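Written below as C-alpha cells is the structure these notes are about.
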Amino acid sequence: MGGVAGLTVDRDGDAVVARTQLGRPSRVVLAGHLDTVPIADNLPARRDGDRLYGCGTSDMKAGVAVMLHLAATMPPAGLAHDLTFVFYDNEEVEAARNGLRRLAARHRDWLDGDLAILMEPTSGEIEAGCQGTLRVVATLPGRRAHSARSWLGDNAIHRAGDLLTRLGAYRPRRVVIDGCEYREGLSAVRIAGGVAGNVIPDRCEVTVNFRFAPDRDEAGALDHVREVLAGYEVAVTDSAGGALPGLARPAAAEFVAATGRVPRAKYGWTDVARFAQLGIPGVNYGPGDPNLAHTRDEYVELPLVDEAAHVLRAYLTRVA
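Numbering (UniProt numbering), first residue to last: 1 to 320.
Structure representation (C-alpha cells):
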C-alpha cells in the first residue's frame with residue numbers, strides 16, 4: 001500500500017495502518033482483521049457462479065478486499081472525509097493477542113476518527129454497536145461417597161438443578177437504544193463434574209454466559225449475574241464491555257443517511273467495542289453473511305462485495 005497516492009502507511013507487527021492527511025473536517029476509520037479461524041478442508045478457494053467459497057471468504061476477506069479496492073481506486077481529491085484503513089491481526093484468537101488492542105495501546109493516534117466502520121460480515125446491513133459478554137463459573141460443592149451408599153454423600157451435580165432451573169426461568173431484558181433493539185441472554189454453556197462411575201461427585205462447575213445490552217457496563221452486568229445466581233459461588237473467567245450505537249453522532253448519522261439502511265442491533269461482541277473505549281462510535285458493515293462465518297461451506301455472494309464497495313464509495317466521496 002505504500003505506493004498508493006495520498007496514503008501514509010505504518011506497520012506494527014502484522015498490523016498495517018494507512019491514512020490520508022487531507023485536512024478534511026472529519027475522519028472515517030475502515031477496519032478489518034486479516035486472520036481466519038483454522039482451515040476446515042475449505043482451501044483453495046473456488047468460484048461457483050456468483051459465490052466465492054473458501055475459508056475466510058465471508059469472515060472477513062470480502063470486507064478486507066473492499067477496503068483494499070477503495071484504498072487503491074479512490075482519488076484523494078474526491079474524498080469528503082480523511083480516511084484510515086486498519087488491517088489488523090489476531091482477531092480470531094484470545095483477546096490478549098488482538099492486533100487492534102495492541103494498536104490502541106501502542107499507537108492510539110493511529111486510530112483517531114469520528115466514525116469507525118468495522119467490515120465484519122453483516123450481509124450488507126448496518127449493525128450498530130454490540131453486546132457485551134461476561135462468562136462466570138458457578139461452583140457447587142458436595143461430599144464424595146460411594147454411589148452404592150449415596151445417602152452418605154452430597155451430590156454436587158444434583159445441586160446444580162436449582163441453578164439450571166433459575167436460568168431456564170430467566171426472562172431476558174430487551175432494550176431499545178438509538179432505535180436498535182438489543183436482546184440480552186443468560187445461558188448455561190458448559191457443565192463439568194463427576195469423578196467416576198461409582199462415586200458421588202463432590203464438585204460441579206457450571207459456566208454461564210451473559211450477553212448484555214450496551215447500556216450496562218461490565219460491573220453492572222456482573223452485579224446482575226450475582227443477583228440472579230445469589231447463593232452460589234461465582235468467579236469471572238472472561239468479560240468485555242459492549243458498545244453503544246452512537247448513531248446520533250454526526251458522522252454515524254451521515255453514514256446511515258447515505259446508505260439508506262435501517263440500522264439494527266449487533267448480536268454478539270465485535271471490535272467496535274474497542275473503538276467505543278476510545279470514544280469513537282462504530283458500526284459493523286460488511287458484505288459477508290455472519291451465519292456462514294466459521295463454517296466448512298463458508299462463501300460470500302460476490303454481488304454483495306460489489307454493493308458494499310459502491311455504498312462506501314458513495315458515502316466517502318459524498319459532499320454534504
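Cβ coordinates follow ideal geometry from the N, Cα and C atoms, glycine included.
No experiment lies behind these values; they were computed from the predicted model shown.
So is the beta-carbon of residue i under 7 Å away from any non-hydrogen atom of the ligand MG?
{"i": "Ser58", "result": "The model depicted lacks the ligand MG and carries no ligand whatsoever."}
Which residue from the options puts its Cα closest to that of residue i?
{"i": "Asp12", "options": "Gly231, Trp110, Thr317, Arg47", "result": "Trp110"}
{"i": "Arg192", "options": "Arg183, Gly286, Arg203, Leu186", "result": "The sequence given here places Ala at residue 192; Arg does not occur at that position. That would be Arg203, whose Cα lies nearest to the Cα of Ala192."}
{"i": "Leu163", "options": "Leu140, Pro76, Leu7", "result": "Leu140"}
{"i": "Asp289", "options": "Thr20, Gly194, Arg51, Leu134", "result": "Arg51"}
{"i": "Gly260", "options": "Ala308, Val29, Ala138", "result": "Ala308"}
{"i": "Thr36", "options": "Arg166, Ser58, Pro25", "result": "Ser58"}
{"i": "Ala128", "options": "Thr295, Ala314, Val300, Trp269", "result": "Trp269"}
{"i": "Leu186", "options": "Gly179, Val206, Ala314", "result": "Val206"}
{"i": "Val236", "options": "Asp271, Asn209, Pro38", "result": "Asn209"}
{"i": "Val311", "options": "Asp82, Glu298, Met119", "result": "Met119"}
{"i": "Phe275", "options": "Ala65, Leu103, His81", "result": "Leu103"}
{"i": "Ala138", "options": "Val66, His107, Arg211, Val234", "result": "Val234"}
{"i": "Asn130", "options": "Arg159, Val256, Ala5, Val283", "result": "The sequence given here places Cys at residue 130; Asn does not occur at that position. Measuring from the Cα of Cys130, the nearest candidate turns out to be Val283."}
{"i": "Ile126", "options": "Asp215, Met74, Gly179", "result": "Gly179"}
{"i": "Val136", "options": "Ser123, Ile200, Ala221", "result": "Ala221"}
What is the DSSP secondary structure of residue i, reduced to helix, strand or coil?
{"i": "Glu127", "result": "strand"}
{"i": "Asp41", "result": "coil"}
{"i": "Ala18", "result": "strand"}
{"i": "Ala320", "result": "Residue confidence for Ala320 is low, a pLDDT of 46 falling below 50, so the modelled location carries little weight; the figure read from the coordinates is stated next. Coil, per DSSP."}
{"i": "Pro263", "result": "coil"}
{"i": "residue 333", "result": "Any property of residue 333 remains undetermined from this structure, which presents the chain solely from 1 to 320."}
{"i": "Leu30", "result": "strand"}
{"i": "Glu184", "result": "coil"}
{"i": "Tyr232", "result": "coil"}
{"i": "Gly246", "result": "coil"}
{"i": "Val300", "result": "strand"}
{"i": "Asp215", "result": "coil"}
{"i": "Ala309", "result": "helix"}
{"i": "Val93", "result": "coil"}
{"i": "His294", "result": "coil"}
{"i": "Arg226", "result": "helix"}
{"i": "Thr165", "result": "helix"}
{"i": "Thr84", "result": "strand"}
{"i": "Asp10", "result": "strand"}
{"i": "Ala145", "result": "strand"}
Please report the straight-line C-alpha distance between residue i and residue j, rounded to a whole angstrom.
{"i": "Gly56", "j": "Gly197", "result": "43 Å"}
{"i": "Asp10", "j": "Asp112", "result": "14 Å"}
{"i": "Val17", "j": "Val86", "result": "5 Å"}
{"i": "Gly63", "j": "Pro287", "result": "6 Å"}
{"i": "Arg166", "j": "Val228", "result": "8 Å"}
{"i": "Gly168", "j": "Ala230", "result": "15 Å"}
{"i": "Ile177", "j": "Leu244", "result": "8 Å"}
{"i": "Ala320", "j": "Ala314", "result": "The pLDDT assigned to Ala320 is 46, lower than 50, so where the model puts this residue is not dependable; a value taken from the coordinates is nonetheless given after this. Their backbone Cα atoms lie some 12 Å apart in a straight line."}
{"i": "Tyr182", "j": "Lys266", "result": "8 Å"}
{"i": "Ala77", "j": "Pro172", "result": "49 Å"}
{"i": "Asp217", "j": "Ser239", "result": "10 Å"}
{"i": "His81", "j": "Pro250", "result": "12 Å"}
{"i": "Val195", "j": "Tyr285", "result": "48 Å"}
{"i": "Ala96", "j": "Ser147", "result": "43 Å"}
{"i": "Ile280", "j": "Pro303", "result": "30 Å"}
Which residues share a DSSP beta bridge with residue i?
{"i": "Asn284", "result": "Leu118, Glu127"}
{"i": "residue 337", "result": "Not covered by the structure: residue 337. The range shown for the chain is 1 to 320."}
{"i": "Ile157", "result": "According to DSSP, Ile157 bridges with nothing at all."}
{"i": "Tyr170", "result": "Per DSSP, none; premise fails for Tyr170."}
{"i": "Ser239", "result": "Leu134"}
My understanding is that residue i touches residue j, with C-beta atoms under 8 Å, so please give their C-beta distance in whole angstroms.
{"i": "Leu115", "j": "Ala252", "result": "5 Å"}
{"i": "Leu34", "j": "Asp14", "result": "7 Å"}
{"i": "Ala153", "j": "Gly142", "result": "In the sequence as presented, Ala is not what sits at residue 153; that position holds Gly. Right, the Cβ-Cβ distance comes to about 7 Å (below 8 Å), so this counts as a contact."}
{"i": "Asp48", "j": "Arg296", "result": "That pair is no contact at about 15 Å."}
{"i": "Glu184", "j": "Arg211", "result": "6 Å"}
{"i": "Leu83", "j": "Leu316", "result": "7 Å"}
{"i": "Arg318", "j": "Ala273", "result": "No, Arg318 and Ala273 are not in contact; Cβ-Cβ is about 27 Å, not under 8 Å."}
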